[in-house]
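Enquirer:
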Amino acid sequence: MTKKLLILLFFLGSCCLHAQSPVWRTNMDDAMAISNEEGKPMLILFTAASAPSDLQNEVFKTADFAVWSRDNVVLVKLDLSDINADETTKEQNLRLKNAFGVDELPEVCYARASVRKNKTTFTALGKIGYKPGGAKYWISESNSILHPSDTE
């Protein structure tokens, strides 16, 4: 009986951990559709294999970030070093990186997008890179970008 209970607890625990994992979109068209449908801005992470992992480890892999992101943004990860991406996607990601003025990787840009007459227009809300201080500090800084009237 105890063995069955332990197996059940292990299974439920792993399901709960998996349920808290943020869902990162890699297709910009899908992310824009979800963003507009849910009325949430996109958090666009520009990264590469050679980028430092501080932001990933100290912010994105935390339960605080998982809960905050689920309620506030649509997550988009654009890996500029992805060798499996097709040429069109690579070009699109590079154009977006340049359009948002991303200089260092990893960096996050907050934006909304609209499509009118088959032309996509992005409205940049702000950007943020890695900041020491943990997930709660980073989330607070992000909230000040997303909700500037709340901080005044």
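In mature numbering (1 follows the signal peptide of the UniProt record, and there is no 0), the protein residues as written are -19 to -1, 1 to 133.
The beta carbon of each residue, even a glycine, is placed where N, CA and C say it ideally should be.
Since this is a predicted model, take the numbers as computed values, not measurements.
Can you tell me whether residue 64 is buried or exposed? The criterion is at least 16 other CB atoms within 10 Å of its CB, across all chains shown.
Expert: So residue 64 counts as exposed.
Enquirer: Assuming the contact rule is C-beta atoms closer than 8 Å, residue 106 and residue 118 should be a hit. Round their C-beta distance to whole Å, please.
Expert: At roughly 19 Å, the Cβ-Cβ gap does not stay under 8 Å, so residue 106 and residue 118 are not in contact.
Enquirer: Hey, how far is the Cα of residue 31 from the Cα of residue 24?
Expert: Spanning the two alpha carbons is a distance of roughly 20 Å.
Enquirer: Which residues in the same chain have their Cβ closer than 7 Å to the Cβ of residue 115, if we skip the five residues on either side of it in sequence?
Expert: Same-chain partners within the cutoff: 39.
Enquirer: What separation, rounded to the nearest whole angstrom, lies between the Cα atoms of residue 70 and residue 4?
Expert: About 19 Å.
Enquirer: What whole-angstrom Cβ distance do residue 93 and residue 57 have, given they're in contact under 8 Å?
Expert: Rounded, the Cβ-Cβ distance is 12 Å, inconsistent with contact.
Enquirer: What separation, rounded to the nearest whole angstrom, lies between the Cα atoms of residue 15 and residue 55?
Expert: When rounded, the distance between both Cα atoms is 7 Å.
Enquirer: Leaving out the 5 sequence neighbours to the left and right, which residues in its chain are closer than 6 Å to residue -2 when beta-carbon positions are compared?
Expert: Since pLDDT at residue -2 reaches only 46, below the 50 mark, its modelled position is unreliable, and the value read off the structure follows with that caveat. Once the five neighbours on either side are set aside, residue -2 has no close Cβ partner at all.
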